Ligand code: HEC
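Residue numbers (the numbering used here): 91 to 223.
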């Protein structure tokens, strides 16, 4: 008899657990969607400025070795015409055989995250006064 009672208790306990988990699972997709929305890359221009001043400034401030200076609106208009994604890819992979020079992969910054570089491209474009699709 004792065994039967403890079995029943166990079954009830398991049911409570299952019901609780089920309830949690139902809420999960909504939470996931929210996180996805939040983590969609949105440019952080303040971080972009930090990365620019730390890394990109070496070539892009005055335009060293064929790099477009941040003040060279004409060159940035030419770059922006390729679209944002193309520019972002150029920074991630570098431009080994550019029309004007060689842009090193990640602008030589191996400690920069992809997001840091994403922010830096947005910052350069903003500072140059151009927008890329
Ligand atoms: C060692 C010099 C150097 C550094 C450092 C550097 N760049 Fe460049 N970058 C270049 C040169 C040179 C070009 C021009 C390549 C060409 O079109 O011929 C260029 C081009 C670019 C372009 C245009 C790419 C295209 O497809 O037209 C972007 C965007 C860019 N750089 C962003 C950055 C960012 C962001 C950083 C910092 C994280 C950075 N660069 C650091 C040299 C540099």
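Think of the CB as a built atom: it goes at the ideal place given N, C-alpha and C, for glycine as much as any other residue. Small disclaimer: the values here were computed from a predicted structure and weren't measured.
CA-to-CA, the gap between residue 173 and residue 199 works out to about 23 Å. Scanning its chain for C-beta atoms nearer than 8 Å, with the 5 sequence neighbours on each side dropped, one finds around residue 135 the residues 209, 212, 213 and 216, in chain order. Contact annotation, residue 165 with residue 182: C-beta distance approximately 20 Å; criterion of less than 8 Å not satisfied. The C-beta distance from residue 162 to residue 153 rounds to 6 Å, short enough to meet the 8 Å contact threshold. Relative to ligand 1, residue 160 has its C-beta separated by 6 Å or more from all heavy atoms. When the Cα atoms are used, residue 186 and residue 180 turn out to be separated by approximately 9 Å. A residue is called buried when at least 16 other Cβ atoms come within 10 angstroms of its Cβ; residue 148 does not meet this threshold and is exposed.
A Cβ-Cβ distance of about 5 Å is found for the pair residue 170 and residue 220, placing them in contact under the 8 Å criterion. The stretch 133–218 is shown to contain no whole beta strand (DSSP E) run of 3 or more residues. By the 16-neighbour rule on beta-carbons within 10 angstroms, residue 176 is exposed.
Within the chosen limit of 6 Å, ligand 1 reaches the beta carbon of residue 185 through at least one heavy atom.
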